[in-house]
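Here our numbering is used: the first residue of the sequence shown is 243, the next is one more, and so on.
All C-beta atoms, glycine included, are put in the ideal place defined by N, C-alpha and C.
Please read the structure below before turning to the comments.
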Amino acid sequence: MHQQHTRSDFRSDTVTRPSPEMLAAMSAAEAGDAVYDDCPTTSALERLAAERLGKEAALFFPSGTQSNLAGLMAHCGRGDEYIAGQQAHVYRSEGGGGAVLGSIQPQPLPNEADGTIALDAIAAAIKPDDFHNAMTRLLALEDTFNGIPLPDDYLQQATELARAHGLATHLDGARLMNAAVATGRDPAWIAGWFDTVSLCLSKGLGAPIGSLLVGPRDLIERARRVRKMVGGGMRQTGYLAAAGIYALEHNVERLREDHARAQRLSQVLREYPELGAGEAQTNMVFMTPVAGFDATAFTGFLAERGIRVGGYGTLRWVTHLDVDDSDVEAVARACADYF
Ligand SMILES: *Cc1c(COP(=O)(O)O)cnc(C)c1O
243 MHQQHTRSDF RSDTVTRPSP EMLAAMSAAE AGDAVYDDCP TTSALERLAA
293 ERLGKEAALF FPSGTQSNLA GLMAHCGRGD EYIAGQQAHV YRSEGGGGAV
343 LGSIQPQPLP NEADGTIALD AIAAAIKPDD FHNAMTRLLA LEDTFNGIPL
393 PDDYLQQATE LARAHGLATH LDGARLMNAA VATGRDPAWI AGWFDTVSLC
443 LSKGLGAPIG SLLVGPRDLI ERARRVRKMV GGGMRQTGYL AAAGIYALEH
493 NVERLREDHA RAQRLSQVLR EYPELGAGEA QTNMVFMTPV AGFDATAFTG
543 FLAERGIRVG GYGTLRWVTH LDVDDSDVEA VARACADYF
């Protein structure tokens with residue numbers, strides 16, 4: 243472990259702090275004014291991301307919420323509509339930004355357990371071109387969804403369905419690299435089904451701040467205007483972009499380690515059926531304790547041992563750069579003592 247930690251923090255993969263190597267890359271960065279498009283390191287990160295995801299252009303954002311918003315607003319205008327999962331981050335967890343700031347109507351549809359939205363539900367929700375209706379413009383999917391990579395054939399079927407109806411496609415790929423590593427697919431293959439893709443650097447990739455929106459140049463230029471409007475045009479972002487370059491160059495393949503640790507964690511938790519733990523496909527384990535089990539007492543017991551877990555009702559364990567095998571074994575010992 244690169245830093246002394248008093249806790250095993252499984253709440254989220256957003257809790258990581260930059261490693262000494264990443265900090266060294268940041269402090270050595272060359273930075274200029276990125277709003278003037280005059281920051282060599284930010285431009286290098288944008289080129290690298292565009293290349294890794296097989297797109298023409300990329301733009302650096304302070305957060306995934308903002309890169310998703312700019313993606314929505316690049317595709318949709320006032321009175322247009324986007325289709326997304328009822329549980330999708332972009333619909334549920336981003337303050338309704340598409341509606342508030344873009345005047346874009348969301349059309350949420352139920353997510354299946356594997357994160358997909360039924361194709362017939364999508365087809366039925368696409369409104370005919372009639373003056374009574376909002377104009378359905380965009381299908382937005384999320385990969386990974388609750389730690390589950392979208393199935394290969396679904397990526398193809400859903401995006402082909404959208405295109406056949408003249409819809410654009412956006413992927414909230416906050417954890418796209420986890421999906422790529424878990425499925426063995428090239429990230430550019432996954433991104434290739436979509437017009438625009440948002441990727442978080444500050445989740446499992448371990449950068450402190452930053453997301454990227456990638457896509458065709460004309461859409462990225464529209465997104466640049468949105469970014470400016472919402473205050474995301476930042477100046478010497480080269481220091482942050484250096485962390486992003488470091489993350490893309492060093493922290494993608496190692497996501498396998500997080501996935502293996504999540505599997506081990508799932509094994510540990512599944513020894514206790516009352517916890518209702520599921521399996522791990524990438525870096526997350528969800529557990530819904532059985533009725534009558536005092537989850538608050540259990541998480542309180544873990545907290546006394548410095549182990550933190552996310553969520554309420556359904557609890558979420560996330561592995562990342564700042565938890566190692568000893569943290570997982572600490573959970574195993576804590577569970578053994580508790581039960
Ligand atoms: C984290 C996350 C985002 C973006 O979150 P920010 O905290 O704004 O960077 C978007 N979508 C999903 C699925 C996420 O997990």
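- Listed by position in the chain, the residues whose beta carbon lies within less than 5 Å of some heavy atom of ligand 1 are S305, G306, T307, H331, D414, A416.
- Annotated three-state conformation of Q347 is strand, per DSSP.
- For R427, same chain residues with a beta-carbon under 8 Å away, outside a window of 5 residues either side, are D394, A421 in chain order.
- Apart from the 5 residues on each side of it in sequence, E272 sits with its Cβ closer than 7 Å to the Cβ of P282, T283, G480 in its chain, given in chain order.
- The three-state secondary structure of F540, taken from DSSP, is helix.
- If the five residues before and after Y333 are omitted, its C-beta is found closer than 6 Å to the C-beta atoms of A326, P348, P350, all from its own chain and listed in chain order.
- DSSP places G553 in the strand class (E or B) of the three-state scheme.
- In this structure, V510 is the residue among T524, K470, V510, T386 with its C-alpha nearest to the C-alpha of A574.
- DSSP places D414 inside the beta strand (DSSP E), whose first and last residues are 410–415.
- Around the Cβ of N353, a 10 Å sphere holds 16 or more other Cβ atoms; the residue is buried.
- For A519, same chain residues with a beta-carbon under 8 Å away, outside a window of 5 residues either side, are S508, L511, R512, V527, F528, M529 in chain order.
- It is roughly 21 Å from the alpha-carbon of F581 to the alpha-carbon of G553.
- Excluding the 5 residues flanking it on each side, A410 has same chain C-beta neighbours closer than 7 Å at H317, R379, L380, D437, in chain order.
- The residues L351, P352, in chain order, have a CB closer than 8 Å to that of A363 in the same chain once the five nearest residues on each side in sequence are set aside.
- The C-alpha of R464 lies about 13 Å from the C-alpha of F302.
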